[in-house]
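Below: one structure, written as structure tokens.
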Amino acid sequence: MIKETITYTDYNGTERTEDFYFNMTKTELLRMEQDKNGSFSQILEKFIKAKDQADLFEAVEKFIFKAYGEKTADGRQFKKSDEISESFFQSPAYEVLFDKLNGNPEYSYNFIMGIVPAELSKQAAENPEAVKRLAEVRSLAESYECWRCE
665 MIKETITYTD YNGTERTEDF YFNMTKTELL RMEQDKNGSF SQILEKFIKA KDQADLFEAV
725 EKFIFKAYGE KTADGRQFKK SDEISESFFQ SPAYEVLFDK LNGNPEYSYN FIMGIVPAEL
785 SKQAAENPEA VKRLAEVRSL AESYECWRCE
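This note's numbering applies: residue 665 is where the sequence shown begins, and numbers increase by one.
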């Protein structure tokens with residue numbers, strides 16, 4: 665799980681600082697693998713093979729959409745739904761996060777890899793092919809000056 669503290673100006677002109685949470689469980693990743701419209705492997709593949717900014721933008725957004733949720737105060741649940749994700753995407757905080765991802769490939773790589781469960785990240789690090797794929801993701805991110813089409 666990643667906690668991002670984001671400072672943004674809301675639509676009333678008030679500056680706010682809030683914590684936002686992103687997480688993918690092993691179960692969610694396995695479930696995503698069964699989804700023909702957006703498995704985790706497909707998203708990673710899109711990162712690697714993206715030929716233009718639109719493909720990369722779509723892959724980043726899809727991953728963030730699936731990872732975003734709200735942690736309960738007692739820490740026992742991490743609530744996710746399309747409505748919760750859509751609410752975040754419609755907030756100025758999302759724009760701040762996306763700008764941060766856009767301007768810093770190292771941060772982007774660490775953000776995306778931090779969302780994946782720690783044991784899967786460790787397994788990936790022990791698998792030379794996975795390391796190569798993650799390096800390709802990092803390299804691709806560094807090759808783009810901008811993920812966002814202005």
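Note that the Cβ used here is the ideal one computed from N, Cα and C, for glycine as well.
Judged by DSSP secondary structure, residue 683 falls within the beta strand (DSSP E) whose first and last residues are 679 to 686.
Residue 732 and residue 687 have their C-alpha atoms some 7 Å from each other. Assignment of beta-bridge partners to residue 671 by DSSP yields 681. Excluding five sequence positions before and after residue 736, the CB atoms of its chain that fall closer than 8 Å to its own CB belong to 742, 743, given in chain order. Just measuring C-alpha positions, the residue of 778, 749, 761 sitting nearest residue 669 is 761.
The C-alpha of residue 765 lies about 25 Å from the C-alpha of residue 694.
Assignment of residue 733 by DSSP, reduced to helix, strand and coil, places it in the strand class.
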